[in-house]
Amino acid sequence: MKVFGWQKEETFYTENTPAQTGPPDPKNARDPLFSARGLTKVYLAGEVEVRALDGVDFDLYPGEFIVLLGPSGSGKSTLLNNLGGLDVPTSGTLAYKDRELTGADEEELTAFRRDAVGFVFQFYNLIPSLTALENVALITEIAKDPMTPEEALGLVGLRERMDHFPSQMSGGEQQRVAIARAISKRPEVLLCDEPTGALDVKTGITVLEAIERVNRELGTLALVITHNAVIADMADRVIHLSDGRISRIERNGARRSVRSLRW
Ligand code: ADP
Numbered sequence: 002m003k004v005f006g007w008q009k010e011e012t013f014y015t016e017n018t019p020a021q022t023g024p025p026d027p028k029n030a031r032d033p034l035f036s037a038r039g040l041t042k043v044y045l046a047g048e049v050e051v052r053a054l055d056g057v058d059f060d061l062y063p064g065e066f067i068v069l070l071g072p073s074g075s076g077k078s079t080l081l082n083n084l085g086g087l088d089v090p091t092s093g094t095l096a097y098k099d100r101e102l103t104g105a106d107e108e109e110l111t112a113f114r115r116d117a118v119g120f121v122f123q124f125y126n127l128i129p130s131l132t133a134l135e136n137v138a139l140i141t142e143i144a145k146d147p148m149t150p151e152e153a154l155g156l157v158g159l160r161e162r163m164d165h166f167p168s169q170m171s172g173g174e175q176q177r178v179a180i181a182r183a184i185s186k187r188p189e190v191l192l193c194d195e196p197t198g199a200l201d202v203k204t205g206i207t208v209l210e211a212i213e214r215v216n217r218e219l220g221t222l223a224l225v226i227t228h229n230a231v232i233a234d235m236a237d238r239v240i241h242l243s244d245g246r247i248s249r250i251e252r253n254g255a256r257r258s259v260r261s262l263r264w
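If you count the sequence shown from 1, you need to add 1 to reach our numbering.
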């Protein structure tokens, strides 16, 4: 039998007995962080309409690890950009907690992005003339309730490399600095668009471990876009996208640690 307790006021769950595996069914525990209904995004490419998202419905819960899987062009980035307030849907609804993002104006979306969302992209977008610490401090200096840059870099295993410049770091290390920067403001949501896309397997694993640790230790809802089906095993749930639609949502019985993944 599985019994899960929730740490009070925290968004992550803990297991109460050693025999349990896998996450709780979050539906029993918490209200969703995001709710999408009939979410649709249509782009106009000349005369042609592209339905990048074609009426998707889902709920995402606090502290979940979600993998978004699908072929190129299936709408993954469009979905991530809508969740992060970087883009707005054409129709349908998208709520974050009790706020409706669909009708939000630019000022509200900016506040939402600033306070609630951390982004990690395939290319790290670090400022080359600043050290790792200074790159993270750019965010912590303006955030409401940030951790220190040292704490953030410690979480991704880079405390010893704080004074290095991006050019002195490997791709994986630079991506971990980007993750530290994204989570230093303690966002409730971490959105990662192909975070390992530019990395070899071994380095990719260190990056996924950093995301996994943030998700487990801070209880951040993590959503990771990938082409790589193996990565799906580390998720609580896998959302499969195909032609702008959700073809299925799978729940992993037991979430696998990144270390145990092979591809
Ligand atoms: P994925 O991330 O799965 O590769 P995208 O969300 O980037 O897919 O794209 C989904 C579809 O929407 C594709 O057909 C893509 O060409 C189209 N698309 C994405 N952004 C735009 C845009 N700004 N203008 C026109 N078409 C777009």
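Note that beta-carbon positions come from the ideal geometry of N, C-alpha and C, so glycine has one too. Remember, it's a predicted structure, so these values are computed and weren't measured experimentally.
- For Glu213, the uninterrupted alpha helix (DSSP H) run begins and ends at 202 to 219, by DSSP.
- When rounded, the separation of the alpha-carbon atoms in Asp164 and Val121 is 21 Å.
- Between Glu50 and Val57, the C-beta gap is not smaller than 9 Å, which leaves the two residues out of contact.
- The C-beta of Val190 has 16 or more other C-beta atoms within 10 Å across all chains shown, which makes the residue buried.
- As the crow flies, the alpha-carbon of Met148 is around 46 Å from that of Gly47.
- As computed with DSSP, Ala223 is found in a beta bridge with Phe66, Leu191.
- When Cβ pairs closer than 8 Å are counted between the two stretches, the segment 163 to 177 is seen not to touch the segment 109 to 116, the count staying below three.
- Less than 9 Å separates the beta-carbon of Thr197 from that of Thr227.
- A Cβ-Cβ distance of about 20 Å is found for the pair Val202 and Leu69, leaving them out of contact under the 8 Å criterion.
- Look at Lys77 here: in three-state DSSP terms it is helix.
- The beta carbons of Phe35 and Ala105 sit about 13 Å from each other, so the pair does not count as a contact at 8 Å.
- DSSP assignment within the segment 98 to 143 yields the following whole alpha helix (DSSP H) runs of 4 residues or more, N-terminal first: 107 to 117, 133 to 141.
- Using a Cβ-Cβ distance cut-off of 8 Å, the segment 255 to 262 and the segment 72 to 88 are not in contact, since fewer than three pairs of beta carbons, one from each stretch, lie closer than that value.
- Counting C-beta atoms within 10 angstroms of its own C-beta, Ser75 has 16 or more neighbours from the protein chains shown and is therefore classed as buried.
- Annotation for Leu45 indicates a beta carbon within 8 Å of some heavy atom of the ligand ADP.
- By the neighbour-count definition (other C-beta atoms within 10 Å, threshold 16), Gly254 is an exposed residue.
- Pairing Val239 with Arg263 gives a Cβ-Cβ distance that is not under 9 Å.
- Under the DSSP assignment, Leu61 falls in the beta strand (DSSP E) whose first and last residues are 49 to 61.
- When Gln175, Ala37, Ser243, Arg246 are compared, the shortest CA-CA separation from Leu84 is found for Ala37.
- Gly119 places its beta carbon less than 9 Å from that of Arg182.
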